[in-house]
Amino acid sequence: MKHIRWQALIALVGIAFLSAVLALLALSSTTIERPDFGGTYIEGIAGRPSAINPLFSQYNDVDRDIAALVFTGLTRVDETGAITPDLATQWTISPDGLVYTFTLRTNVRWHDGVGFAADDVLYTINAMQDPGYKGPPNLSTFWRTVAITQVDDVTIRFQLTQPYAPFLNYTAIGLLPAHLLRDVPPAELLQNPFNRRPVGTGPFQIADVTSDSLNLDVNKNYYGPRPYLSRIQFKFYSDYESIFAAFNRGEVEGISRILPGYLPKARTTTNLRLYNARLGGYSLILLNLTKAPFQDKQVRQALMYAIDRQHTIDEFLQGQGVVASSPIEPGSWAFDSTSSQYPFDVEKAKGLLESAGWRDANGDGVREKDRQALEFTFVTSDDPARVAIANEIAKGWEAVGVKAAVQPVPASLLVQNVLRPRQFDAVLYEWRNLTSDPDQYENWHQTQIPSTTNLGQNYSGLNDREISEALEAARRTSDQGKRAELYRRFQELFADRIPALLLFYPVYSYGVDARVQGVQVAPMLAPSDRFRNIALWYLKTKRVASSMAPLEVASVPTAELDITAAPPPTRRPSPFPTTLPPTVVAPTASPPPAPVQPTATAPIVTAPTEQPSAQCVNTSASIKFPAMDDAISGLVEIRGTATRPNMTYWKLEYRADSVPSFTQLYRSELPVTDGVLSLWSTKTVPNGVYWLQLLVVDNTGNFGTPCQIRVNVANQ
Numbered sequence: 103m104k105h106i107r108w109q110a111l112i113a114l115v116g117i118a119f120l121s122a123v124l125a126l127l128a129l130s131s132t133t134i135e136r137p138d139f140g141g142t143y144i145e146g147i148a149g150r151p152s153a154i155n156p157l158f159s160q161y162n163d164v165d166r167d168i169a170a171l172v173f174t175g176l177t178r179v180d181e182t183g184a185i186t187p188d189l190a191t192q193w194t195i196s197p198d199g200l201v202y203t204f205t206l207r208t209n210v211r212w213h214d215g216v217g218f219a220a221d222d223v224l225y226t227i228n229a230m231q232d233p234g235y236k237g238p239p240n241l242s243t244f245w246r247t248v249a250i251t252q253v254d255d256v257t258i259r260f261q262l263t264q265p266y267a268p269f270l271n272y273t274a275i276g277l278l279p280a281h282l283l284r285d286v287p288p289a290e291l292l293q294n295p296f297n298r299r300p301v302g303t304g305p306f307q308i309a310d311v312t313s314d315s316l317n318l319d320v321n322k323n324y325y326g327p328r329p330y331l332s333r334i335q336f337k338f339y340s341d342y343e344s345i346f347a348a349f350n351r352g353e354v355e356g357i358s359r360i361l362p363g364y365l366p367k368a369r370t371t372t373n374l375r376l377y378n379a380r381l382g383g384y385s386l387i388l389l390n391l392t393k394a395p396f397q398d399k400q401v402r403q404a405l406m407y408a409i410d411r412q413h414t415i416d417e418f419l420q421g422q423g424v425v426a427s428s429p430i431e432p433g434s435w436a437f438d439s440t441s442s443q444y445p446f447d448v449e450k451a452k453g454l455l456e457s458a459g460w461r462d463a464n465g466d467g468v469r470e471k472d473r474q475a476l477e478f479t480f481v482t483s484d485d486p487a488r489v490a491i492a493n494e495i496a497k498g499w500e501a502v503g504v505k506a507a508v509q510p511v512p513a514s515l516l517v518q519n520v521l522r523p524r525q526f527d528a529v530l531y532e533w534r535n536l537t538s539d540p541d542q543y544e545n546w547h548q549t550q551i552p553s554t555t556n557l558g559q560n561y562s563g564l565n566d567r568e569i570s571e572a573l574e575a576a577r578r579t580s581d582q583g584k585r586a587e588l589y590r591r592f593q594e595l596f597a598d599r600i601p602a603l604l605l606f607y608p609v610y611s612y613g614v615d616a617r618v619q620g621v622q623v624a625p626m627l628a629p630s631d632r633f634r635n636i637a638l639w640y641l642k643t644k645r646v647a648s649s650m651a652p653l654e655v656a657s658v659p660t661a662e663l664d665i666t667a668a669p670p671p672t673r674r675p676s677p678f679p680t681t682l683p684p685t686v687v688a689p690t691a692s693p694p695p696a697p698v699q700p701t702a703t704a705p706i707v708t709a710p711t712e713q714p715s716a717q718c719v720n721t722s723a724s725i726k727f728p729a730m731d732d733a734i735s736g737l738v739e740i741r742g743t744a745t746r747p748n749m750t751y752w753k754l755e756y757r758a759d760s761v762p763s764f765t766q767l768y769r770s771e772l773p774v775t776d777g778v779l780s781l782w783s784t785k786t787v788p789n790g791v792y793w794l795q796l797l798v799v800d801n802t803g804n805f806g807t808p809c810q811i812r813v814n815v816a817n818q
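Each residue of the sequence shown is one higher than the last, beginning at 103 in our numbering.
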């Protein structure tokens, strides 16, 4: 009997265990995992804050990173470069392009609980207009030409002296609280204690600051979507090597920026996921056009053909760059993809120099013309990476009979002592774009050639009336279609005249622990734009019934968002232009996209995991580059189309041929037509065969037939 009782007990335990397993399987089959609120994300940053204030943060990337989370502006710039409402719900532009009238939100509170009002806008703009303002000169110079008037408690009017299409980009600057700073003279604002413990209207607010770290808590009164993360902690380190060590010790979950020299180490670091995005600006070689032989277009063209830009990117930037073809960046609605590319071609370079009369008559390896040798000084900053790039370019020129002596100078002296007085032959330089607008007036207009009385940035001395006319006209009209045509003309002329040698658009690399989900990095103006979709990042998850309602998101008062009374926000796809009428009315702001993956109105879509067939028949989702079975390496620009009626979102994924599941490369709610879908740094994965998959999902969850392309990653 005792033996039988033991058998019965064992049987009962087995039945209970089996029941528990079956119940767990049933639960997992009827539930799905979704992001949950809570958790602290810790990131390591090289440097320390100096003035966490949007009026001064341009001087320090750490300040800019924190300010991007603490402050918001009247408008914001989305990932396509479009200006969208933020603290303003709408705006109108007068037919003559001189008057901009903004309507403000009424449901916004500063971090200390005080309501946001028109007075705060007035204070911020007046501070930049004040003669004592110690921030970036370009901001004060611009705002002093603008008159600001408070119409009523929720309406602000700006009066310009002349039409200026890029104006809206300046309205994205973060605003300051007048109730805390009204009595602070603008001349003393830079040193004010406010900059160490600022109060803003952004999604996160300062909790505490020490010499080694800073904590940001979620702003529970934020008017936008509630972020999943409850806290962000920044830890300050002296350099990037120290951040890597801290990551390996488990002290941080993010590395603020991974420079090219650290990429090999980053790629072998366990659990570190790398994100790449094109950064605003471009590297180039400025030529002093008053110096011989740079006045000869054939010589300038020959110098361009003699530079192996892709090799320079691969060898010295670890693939973190994209060959530049225009001063206007890819992805901009004004970018002209047909601009001359000037591919590496040594023989063509030699032929152009021969045609221009430059020959090596004495056999010393350097070409001459009229007893003048084709040699010049090539200046660069003393940054070791820049010096290495300059030496590589000089080596390429030497191969076609051009002698360039590389001369490093301290980076702090490059503008003031070399560029502004135009004491140079050629300079390796980098433009950093401060706005998403394609305006190139300050860099290439003939009135912007620097002198003792002119602080313009046309350092090459380009004095071309046709180019100047195109840039002038593009500034005067707010019709985007007309502007696009004018900028196409500018790019055609620039490619023909080649007043400077374009090298590459920089690529930003960011490292985050694989446990942090929802991270997306789109093209950025500044590194702080990596936080553009911070509301989507999450560390915690929860399981919910698959039939449950959409994800929980922060509510926005409907009184502020009468979406039935106005059309939905217009989003312009990249990189093609959309025509805007001369008088533009921004729609009443609808709530920013909820922090949902996928969005609140769409069911979860799971990509097929079976072996895909080679197909790309869905015209709504097509990958045009790379093509089927292409061999790819380095940083690859994946191009194609992702759009369909009632589209909710699209996503691009990849997987190794031997792996059943896909990894998300990029996801967006914005349509793309024959444009850039994503950058893929293929050096972050082992060589081999991979599948790319593109799905475009509508509001019913339908995604049709995915576009699937097989490629061969073959990095050396």
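Cβ coordinates follow ideal geometry from the N, Cα and C atoms, glycine included. Small disclaimer: the values here were computed from a predicted structure and weren't measured.
What first and last residue would you give for the alpha helix (DSSP H) that runs through residue i?
i: F346; result: Y342 to N350
i: P187; result: From DSSP, P187 is part of no alpha helix (DSSP H) but of the beta strand (DSSP E) over I185 to P187.
i: T226; result: A220 to Q231
i: I600; result: No alpha helix (DSSP H) contains I600, which DSSP labels as neither H nor E.
i: I495; result: P486 to E500
i: S457; result: V448 to S457
i: L365; result: L365 to R369
i: V164; result: D163 to V172
So what does residue i bridge to, in DSSP terms?
i: R769; result: K753
i: C809; result: L796
i: W533; result: Y384
i: V179; result: I185
i: I725; result: G742
i: T142; result: R333
i: V643; result: Reading the sequence as shown, one finds Thr at residue 643 and not Val. Bridge partners of T643: P137.
i: A148; result: Y339
i: N317; result: D310 and Q335
i: E355; result: Note: E355 sits in no beta bridge, so no partner.
i: D732; result: V813
i: S483; result: V511
i: A475; result: E470
i: L389; result: A528
Is the beta carbon of residue i sitting closer than 9 Å to the one on residue j?
i: P510; j: V489; result: yes
i: A586; j: P329; result: no
i: A865; j: S580; result: Lying before the first or after the last residue shown, residue 865 is absent from the chain, which here runs from 103 to 818.
i: W819; j: R812; result: For the chain, the structure presents residues 103 to 818; residue 819 sits outside this window and is missing.
i: L405; j: W546; result: no
i: A758; j: V799; result: no
i: R375; j: Y610; result: no
i: P366; j: Q420; result: yes
i: L772; j: A723; result: no
i: L157; j: L278; result: yes
i: D165; j: A153; result: yes
i: Q582; j: W435; result: yes
i: L318; j: P151; result: no
i: W212; j: T303; result: yes
i: D472; j: G459; result: yes
i: V504; j: V529; result: no
I'd like the span of the beta strand (DSSP E) that includes residue i, first residue to last.
i: K505; result: K505 to V511
i: W193; result: A190 to I195
i: W245; result: First-last for W245: P239 to W245, but that is the alpha helix (DSSP H), not the beta strand (DSSP E).
i: V774; result: V774 to S783
i: A249; result: V248 to D254
i: L627; result: No beta strand (DSSP E) holds L627; DSSP gives it neither H nor E.
i: V468; result: First-last for V468: undefined, no H or E at that position.
i: T205; result: V201 to L206
Only counting runs of 4 or more residues, tell me where the alpha helix (DSSP H) segments fall wholly within the region 398-445, in order along the chain. 399-407 and 411-418
Mind listing, in chain order, the continuous beta strand (DSSP E) runs of no fewer than 3 residues lying wholly within the region 257-315? 257-262 and 306-311
Segments assigned beta strand (DSSP E), at least 3 residues, entirely inside the region 523-572: Correct list: 528-533.
If contact is defined by three or more beta carbon pairs under 8 Å, each pair taking one atom from either stretch, is the region 595-613 in contact with the region 381-399? yes
Given 8 Å as the limit, is there contact between the region 330-344 and the region 588-601, that is, 3 or more CB pairs closer than that? no
Pair every Cβ in the region 270-287 with every Cβ in the region 220-227, then say whether three or more of these pairs are closer than 8 Å. yes
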